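Below: the structure, in C-alpha coordinates.
Numbering (full-length UniProt numbering), first residue to last: 1 to 199.
Here it is in C-alpha coordinates:
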(Lines of atoms letter the chains of each structure in order from A and count residues from 1; the text may use other names and numbers.)
(Lines give C-alpha, C1' and ligand atoms only; values in the text may rest on other atoms or scores of the structure.)
Protein backbone atom coordinates (compact mmCIF):
# COMPACT_ATOMS: atom_id res chain seq x y z
CA UNK A 1 0.00 0.00 0.00
CA UNK A 2 1.34 3.43 -0.92
CA UNK A 3 0.61 6.58 1.01
CA UNK A 4 -0.05 9.84 -0.77
CA UNK A 5 2.08 12.52 0.93
CA UNK A 6 -0.16 15.26 -0.46
CA UNK A 7 -3.31 14.28 1.46
CA UNK A 8 -4.32 13.58 5.03
CA UNK A 9 -6.39 14.93 7.91
CA UNK A 10 -6.83 18.68 8.17
CA UNK A 11 -6.66 20.47 11.53
CA UNK A 12 -8.29 23.87 11.61
CA UNK A 13 -9.03 24.93 15.20
CA UNK A 14 -7.68 23.53 18.46
CA UNK A 15 -8.80 24.42 21.98
CA UNK A 16 -7.71 23.33 25.46
CA UNK A 17 -10.28 23.79 28.21
CA UNK A 18 -9.70 23.47 31.94
CA UNK A 19 -12.15 21.16 33.69
CA UNK A 20 -13.04 22.34 37.18
CA UNK A 21 -14.42 20.02 39.89
CA UNK A 22 -18.18 19.56 39.66
CA UNK A 23 -20.54 20.52 42.44
CA UNK A 24 -23.88 18.88 43.08
CA UNK A 25 -26.90 20.95 42.15
CA UNK A 26 -29.19 21.32 45.19
CA UNK A 27 -32.09 18.88 44.87
CA UNK A 28 -30.39 16.67 42.27
CA UNK A 29 -28.13 13.67 42.90
CA UNK A 30 -26.89 13.73 39.29
CA UNK A 31 -23.81 15.79 38.54
CA UNK A 32 -23.97 17.89 35.37
CA UNK A 33 -27.45 16.57 34.60
CA UNK A 34 -28.09 19.37 32.13
CA UNK A 35 -24.75 18.81 30.36
CA UNK A 36 -23.94 22.49 30.88
CA UNK A 37 -20.30 21.66 31.58
CA UNK A 38 -18.57 20.05 28.63
CA UNK A 39 -16.01 20.48 25.87
CA UNK A 40 -15.24 23.84 24.30
CA UNK A 41 -17.70 24.71 21.53
CA UNK A 42 -16.35 26.80 18.67
CA UNK A 43 -18.72 29.65 17.80
CA UNK A 44 -18.42 29.23 14.04
CA UNK A 45 -18.91 25.44 13.85
CA UNK A 46 -22.41 23.99 13.80
CA UNK A 47 -21.68 20.27 13.63
CA UNK A 48 -21.57 19.40 17.34
CA UNK A 49 -18.69 17.62 19.09
CA UNK A 50 -18.20 13.85 19.07
CA UNK A 51 -17.32 12.49 22.52
CA UNK A 52 -15.29 9.29 22.34
CA UNK A 53 -16.09 6.16 24.38
CA UNK A 54 -14.37 5.74 27.74
CA UNK A 55 -12.09 2.98 26.45
CA UNK A 56 -10.57 5.51 24.05
CA UNK A 57 -10.74 8.57 26.31
CA UNK A 58 -10.35 7.76 30.02
CA UNK A 59 -11.06 11.33 31.10
CA UNK A 60 -14.55 12.25 29.91
CA UNK A 61 -14.95 15.69 28.29
CA UNK A 62 -18.47 15.70 29.82
CA UNK A 63 -17.70 15.84 33.56
CA UNK A 64 -19.68 13.36 35.63
CA UNK A 65 -20.64 11.20 32.63
CA UNK A 66 -19.17 8.03 31.13
CA UNK A 67 -19.53 7.23 27.43
CA UNK A 68 -19.60 3.47 27.93
CA UNK A 69 -20.41 2.33 24.41
CA UNK A 70 -18.58 1.40 21.22
CA UNK A 71 -19.49 4.60 19.37
CA UNK A 72 -19.32 8.26 20.41
CA UNK A 73 -22.15 10.52 21.48
CA UNK A 74 -22.53 14.07 20.16
CA UNK A 75 -22.36 17.11 22.42
CA UNK A 76 -24.69 19.74 20.95
CA UNK A 77 -25.10 23.40 21.89
CA UNK A 78 -28.18 25.62 21.97
CA UNK A 79 -26.75 28.09 19.45
CA UNK A 80 -26.75 25.56 16.60
CA UNK A 81 -29.30 22.95 17.75
CA UNK A 82 -32.62 22.84 19.56
CA UNK A 83 -31.93 21.66 23.12
CA UNK A 84 -34.63 21.26 25.81
CA UNK A 85 -33.08 23.80 28.19
CA UNK A 86 -29.84 25.51 29.01
CA UNK A 87 -26.76 25.59 26.83
CA UNK A 88 -26.23 21.97 25.77
CA UNK A 89 -27.55 18.41 25.48
CA UNK A 90 -26.44 14.98 24.24
CA UNK A 91 -27.46 13.41 20.92
CA UNK A 92 -27.17 9.62 20.49
CA UNK A 93 -25.68 9.31 17.01
CA UNK A 94 -24.42 5.72 17.00
CA UNK A 95 -27.64 3.74 17.39
CA UNK A 96 -27.53 0.74 19.69
CA UNK A 97 -23.79 1.21 20.05
CA UNK A 98 -24.23 4.51 21.90
CA UNK A 99 -24.77 4.80 25.68
CA UNK A 100 -23.93 7.17 28.53
CA UNK A 101 -23.95 6.53 32.26
CA UNK A 102 -23.24 8.05 35.65
CA UNK A 103 -22.74 6.47 39.07
CA UNK A 104 -24.54 8.36 41.83
CA UNK A 105 -24.58 8.07 45.62
CA UNK A 106 -27.73 6.45 47.01
CA UNK A 107 -28.99 4.82 50.20
CA UNK A 108 -29.70 1.10 49.97
CA UNK A 109 -33.43 0.19 49.93
CA UNK A 110 -34.44 3.84 49.53
CA UNK A 111 -36.68 4.85 46.60
CA UNK A 112 -35.69 7.49 44.07
CA UNK A 113 -37.19 9.09 41.00
CA UNK A 114 -35.19 9.57 37.81
CA UNK A 115 -36.55 12.22 35.43
CA UNK A 116 -35.19 13.30 32.05
CA UNK A 117 -36.16 14.92 28.75
CA UNK A 118 -35.90 13.31 25.30
CA UNK A 119 -36.56 14.65 21.81
CA UNK A 120 -34.83 15.72 18.61
CA UNK A 121 -32.37 18.51 17.87
CA UNK A 122 -34.30 20.19 15.02
CA UNK A 123 -31.62 18.94 12.62
CA UNK A 124 -33.69 16.85 10.22
CA UNK A 125 -33.31 13.61 12.21
CA UNK A 126 -36.59 11.75 11.72
CA UNK A 127 -38.36 8.48 12.42
CA UNK A 128 -39.60 6.46 15.37
CA UNK A 129 -37.06 6.94 18.13
CA UNK A 130 -36.59 5.40 21.55
CA UNK A 131 -34.43 6.23 24.56
CA UNK A 132 -34.10 3.54 27.22
CA UNK A 133 -33.13 4.36 30.80
CA UNK A 134 -31.87 1.97 33.49
CA UNK A 135 -31.43 2.45 37.24
CA UNK A 136 -31.49 0.15 40.27
CA UNK A 137 -32.60 -2.89 38.29
CA UNK A 138 -35.53 -0.99 36.76
CA UNK A 139 -35.85 0.27 33.20
CA UNK A 140 -38.11 2.40 31.05
CA UNK A 141 -38.44 2.70 27.28
CA UNK A 142 -39.49 6.13 25.99
CA UNK A 143 -40.64 5.97 22.35
CA UNK A 144 -41.59 8.97 20.23
CA UNK A 145 -41.94 9.88 16.56
CA UNK A 146 -39.66 12.63 15.34
CA UNK A 147 -40.26 14.89 12.36
CA UNK A 148 -36.81 16.41 12.86
CA UNK A 149 -38.26 19.79 13.81
CA UNK A 150 -37.33 20.08 17.48
CA UNK A 151 -39.83 18.37 19.81
CA UNK A 152 -39.35 17.12 23.37
CA UNK A 153 -41.13 15.13 26.07
CA UNK A 154 -40.40 14.34 29.71
CA UNK A 155 -40.13 10.87 31.23
CA UNK A 156 -39.59 9.41 34.69
CA UNK A 157 -38.59 6.14 36.36
CA UNK A 158 -38.95 5.18 40.03
CA UNK A 159 -36.38 2.75 41.36
CA UNK A 160 -35.18 1.28 44.63
CA UNK A 161 -31.45 1.53 45.30
CA UNK A 162 -29.81 -1.85 45.84
CA UNK A 163 -26.53 -0.39 47.17
CA UNK A 164 -24.89 2.89 48.14
CA UNK A 165 -23.88 3.41 44.51
CA UNK A 166 -26.36 3.32 41.63
CA UNK A 167 -25.52 3.43 37.95
CA UNK A 168 -27.99 5.35 35.80
CA UNK A 169 -27.68 4.55 32.11
CA UNK A 170 -29.24 5.77 28.87
CA UNK A 171 -29.03 4.30 25.40
CA UNK A 172 -30.67 4.41 21.99
CA UNK A 173 -31.58 0.99 20.49
CA UNK A 174 -32.09 2.18 16.90
CA UNK A 175 -30.15 3.79 14.05
CA UNK A 176 -31.34 7.02 12.42
CA UNK A 177 -30.36 9.28 9.54
CA UNK A 178 -31.32 12.78 8.49
CA UNK A 179 -34.27 13.40 6.13
CA UNK A 180 -32.19 14.96 3.36
CA UNK A 181 -28.90 13.14 3.99
CA UNK A 182 -29.18 9.39 4.52
CA UNK A 183 -25.43 9.12 5.03
CA UNK A 184 -25.52 11.39 8.08
CA UNK A 185 -26.09 9.48 11.34
CA UNK A 186 -28.19 11.17 14.01
CA UNK A 187 -30.48 10.23 16.87
CA UNK A 188 -32.55 11.27 19.87
CA UNK A 189 -31.47 13.97 22.31
CA UNK A 190 -31.37 13.69 26.11
CA UNK A 191 -31.22 16.52 28.65
CA UNK A 192 -32.36 17.58 32.14
CA UNK A 193 -31.36 14.37 33.93
CA UNK A 194 -32.36 14.46 37.61
CA UNK A 195 -32.54 11.97 40.47
CA UNK A 196 -34.33 12.88 43.69
CA UNK A 197 -35.33 10.83 46.75
CA UNK A 198 -38.98 9.85 46.94
CA UNK A 199 -40.46 11.15 50.19
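Where a beta carbon is used, it is the ideal one built from N, C-alpha and C, also for glycine. Remember, predicted model here, so these are calculated numbers, not experimental data.
In the DSSP secondary-structure assignment, residue 181 is bridged to 178.
Within the DSSP bridge table, the entry for residue 197 names 112 as partners. Residue 127: member of the beta strand (DSSP E) spanning 127-135, first to last residue. Between residue 85 and residue 34, the C-beta gap is smaller than 8 angstroms, which places the two residues in contact. For residue 55, the secondary structure class from DSSP, reduced to helix, strand or coil, is coil.
Check the Cα spacing between residue 30 and each of 115, 183, 146, 94: the tightest is with 115. Counting the other CB atoms within 10 Å of its CB gives residue 69 a total of 16 or more, which places it among the buried residues. Fewer than three Cβ pairs drawn from the segment 137-154 and the segment 99-108 lie within less than 8 angstroms of each other, which leaves the two stretches out of contact. Annotated as distal: residue 189 and residue 77, with beta-carbon spacing of 8 angstroms or more.
The Cβ atoms of residue 191 and residue 117 lie closer than 8 angstroms to each other. Pairing residue 162 with residue 124, the inter-Cα distance amounts to about 40 angstroms. Excluding its 5 nearest sequence neighbours in each direction, residue 171 has C-beta neighbours in its own chain below 6 angstroms: 99, 132, listed in chain order. Under the three-state reduction of DSSP, residue 97 is assigned to helix. At a cut-off of 3 residues, not a single continuous stretch assigned as beta strand (DSSP E) sits fully inside the segment 7-36. Within the DSSP secondary-structure output, residue 49 pairs in a beta bridge with 75.
In the DSSP assignment, residue 65 falls outside any beta strand (DSSP E), carrying neither H nor E.
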